[in-house]
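One structure below.
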Amino acid sequence: MKNGLKVGLAGVGTVGGGLVKLLATRGDSLAARAGRPIELVAVSTLAHRKNPDADISSFRLVKNPVALAQDPEIDVFVELMGGEGGIAKESVEAALRAGKHVVTANKALLAHHGYSLATLAEKNGVALNFEGAVAGGIPVVKVIRESLKGNDISRVYGILNGTCNYILTQMEREGMAFADVLKEAQKQGYAEADPTFDIGGFDTAHKLALLTSLAFGTRTSFDSIYIEGIESITPADIEAADDLGYRIKLLGVALRTESGIEQRVHPTMVPKQSAIAEVDGVSNCVAIDGDFVGDVMLIGLGAGGGPTASAVVSDIIDIARGHVLPPFGTRSKDLKPYKKAQMRAHEGGYYIRLSVYDRTGAFAAIASRMAAQGISIESIVQHRSRAGLAGSDRTHKGSAAHVVMITHQTTEAAVRKALAAIERDGHVDSKPQMIRIEKL
Ligand code: HSE
24 MKNGLKVGLA GVGTVGGGLV KLLATRGDSL AARAGRPIEL VAVSTLAHRK
74 NPDADISSFR LVKNPVALAQ DPEIDVFVEL MGGEGGIAKE SVEAALRAGK
124 HVVTANKALL AHHGYSLATL AEKNGVALNF EGAVAGGIPV VKVIRESLKG
174 NDISRVYGIL NGTCNYILTQ MEREGMAFAD VLKEAQKQGY AEADPTFDIG
224 GFDTAHKLAL LTSLAFGTRT SFDSIYIEGI ESITPADIEA ADDLGYRIKL
274 LGVALRTESG IEQRVHPTMV PKQSAIAEVD GVSNCVAIDG DFVGDVMLIG
324 LGAGGGPTAS AVVSDIIDIA RGHVLPPFGT RSKDLKPYKK AQMRAHEGGY
374 YIRLSVYDRT GAFAAIASRM AAQGISIESI VQHRSRAGLA GSDRTHKGSA
424 AHVVMITHQT TEAAVRKALA AIERDGHVDS KPQMIRIEKL
């Protein structure tokens, strides 16, 4: 058997701990699968964040991750510290410049700097692998980079954040308000103490940026992503969706259009009978629409020590076997500049919920504002919430009722203009709710 592949690990938190455990448990069989032993030789971890579940006492401790990245003994630098810049970026760049292969699960880093880091990796003839960065244990990076390479991909989308999917699932099952489920999730350790990245849609957007580059051969462009989180979803929306045959999921969607690529993250109505509607709780899923293969969907756990370590180890094994590909599946010099399709040109159906004062002419005025923008309404109902109209759901100023509409195919610009006019007319007592419907 060949010499061992020497690994240096920076970050021994949940995922790093999972990796230490996996390597310790599976040593011999991994060596057989990789064709050579995989030897963790040195680690870098913050003393106050020592992981009680991972025994790192037998490894050389290198305090500074940048020093570890350049350590002459190591072949592969595994970065599991996280963070879009700072020490993570510094150490990954140092490793690539020193001719070390890099494996990372850091989606924020790659979403912001993926193109420049991929260019640096190729210049130095080393791998920059990141299977664990997108949807944790779901092996989607390699699927797009390798298995689907013969296809032109028209759309890639998915449920990419377990925290949001858990919250939406609980809201639906328990009829609870967003804030109450979030508190519960934090108490149980599902949601971070600062959940902004998850619930605001930013974590989903980081992963989407990587999927977009892989699927469309474009340079990463995080700043082009339209992002909405799930904070505004109410039990009234979940009930209305249910009555209309939909579920609400936070989706990340990248779509090729005639005017460019749409990258968007927002709460989305998906038909109840679609496979994605069945993906509940902390599970993630990624769907890819290819021209020759058709529609492919992968479902699994998108976070956690075990699933993400599974992805990280597969990247290390590829390196051990000498399997080194351009990070985004296309050589950096051939990655196309990202061409953004404007969100206002987005076409689709829309769910609209208005809290409308119950008075003569209100309905007619709303209908005429929609017609003025050429929006055709598929259905309109006055919706009585099963939980009642009181509560965090709405404020009260006179008698009001939820009016729920589903539109036929229209544009984002038309819907925004119509809703602004409806608000100006003063028939609604709060900001209209608007949720996009994804064609599946
Ligand atoms: N916090 C993420 C989630 C996992 O809830 O899915 C890491 O990206």
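The sequence shown begins at 24 in the numbering used here and counts up by one. Heads up, the beta-carbon is just placed ideally off N, CA and C, and yes, glycines get one too.
Check, Outcome
"Taking 7 Å as the limit between beta carbons, can you name the residues of its chain near Lys362, skipping five residues before and five after?", "Gly283 and Ile284"
"List in chain order the residues whose CB is within less than 6 Å of at least one heavy atom of the ligand HSE.", "Asn184, Gly185, Thr186, Asp221, Asp226, Gly325 and Ala326"
"Can you name, in chain order, every residue of its own chain whose Cβ lies under 7 Å from the Cβ of Gly411, other than the five neighbours on each side?", "Per-residue confidence for Gly411 stands at a pLDDT of 47, beneath the threshold of 50, marking its modelled position as unreliable; no derived number is given."
"Taking His229 as part of the alpha helix (DSSP H), name the residues at either end of that continuous run.", "Phe225 to Phe239"
"Hey, is the stretch 55 to 73 in contact with the stretch 25 to 36, meaning 3+ C-beta pairs nearer than 8 Å?", "yes"
"So, using beta-carbon positions, are Val35 and Asn74 closer together than 7 Å?", "yes"
"Within 10 angstroms of its Cβ, does Arg279 collect 16 or more other Cβ (buried), or is it exposed?", "buried"
"What does a CB cutoff of less than 6 Å around Ser415 pick up in its chain, not counting 5 residues either side in sequence?", "For Ser415, the predicted structure reports a pLDDT of 35, less than 50, and the residue's modelled location is therefore unreliable. A value from the coordinates is still provided. So the qualifying residues of the chain are Ala200."
"Along the chain, where does the beta strand (DSSP E) that runs through Lys86 open and close?", "Segment: none, Lys86 is in no beta strand (DSSP E) and carries neither H nor E."
"Using C-beta distances below 8 Å, list every residue in its chain close to Leu84, excluding the 5 sequence neighbours before and after it, in chain order.", "Ala65, Val66, Ser67 and Thr68"
"State the DSSP-derived secondary structure class of Tyr249, mapped to helix, strand or coil.", "strand"
"So, for Asn147: in the same chain, excluding its five sequence neighbours on each side, which residues have a beta-carbon less than 6 Å away from its beta-carbon?", "Leu119 and Gly122"
"Once the 5 residues before and after Val427 are set aside, which same chain residues still bring their CB inside 6 Å of it?", "Ala263, Arg376, Val404 and His406"
"Going along the chain, which residues of its own chain have a beta-carbon closer than 6 Å to the beta-carbon of Gln93, five neighbours each way excluded?", "Ala117 and Ala121"
"Quick check: what's the CA-CA separation for Asp357 versus Thr142?", "11 Å"
"Compare the beta carbon distance of Glu102 and Ala90 with 7 Å and say whether it is the shorter of the two.", "no"
"In terms of alpha-carbon separation, which member of Met194, Leu348 and Ser81 lies closest to Ile256?", "Met194"
"Considering only C-alpha positions, which residue in the set Thr434, Lys462, Gly275 and Ser422 is nearest to Asp452?", "Ser422"
"Going by C-alpha distance, which of Glu96, Leu132, His135 and Pro162 is nearest Leu321?", "Pro162"
"Whole angstroms is fine: what's the gap from Glu446's alpha carbon to Ala156's?", "41 Å"
"Shorter than 7 Å from the beta carbon of His136 to some beta carbon of chain D?", "Among the chains in the structure shown there is no chain D, since it carries only a single protein chain."
"Rounded to the nearest angstrom, what separates Arg382 and His450 at their Cα positions?", "8 Å"
"By the three-class DSSP mapping on this structure, what secondary structure does Leu132 have?", "helix"
"For the beta strand (DSSP E) that Gln432 lies in, which residues bound it at each end?", "Where Gln432 is concerned, there is no enclosing beta strand (DSSP E), given that its DSSP letter is neither H nor E."
"Where does Arg196 fall in DSSP's three states?", "helix"
"Nearest CA to the CA of Gly345: which residue from Ala150, Ala55 and Glu461?", "Ala150"
"Kindly confirm or deny that the stretch 318 to 335 and the stretch 259 to 278 touch, where touching means at least three C-beta pairs closer than 8 Å.", "no"
"Residues in the same chain with beta-carbon distance under 7 Å from Ala298, minus the five sequence neighbours each way, listed in chain order, please.", "Met320"
"Tell me which residue opens and which closes the alpha helix (DSSP H) that Gln209 is part of.", "Phe201 to Lys210"
"Which runs of the beta strand (DSSP E) at least 3 residues long sit entirely within the stretch 266 to 336? Give them in chain order.", "269 to 280, 283 to 294, 306 to 313 and 317 to 324"
"Return the chain-ordered list of same chain residues with a C-beta closer than 8 Å to the C-beta of Ser81, the five sequence neighbours on each side being excluded.", "none"
"In whole angstroms, what separates the C-alpha of Glu197 from that of Gly159?", "27 Å"
"Identify whether Ile256 lies in helix, strand or coil by the three-state DSSP scheme.", "coil"
"What are the uninterrupted segments assigned as alpha helix (DSSP H) that are 4 or more residues long and contained completely in the stretch 357 to 399, given in chain order?", "385 to 395"
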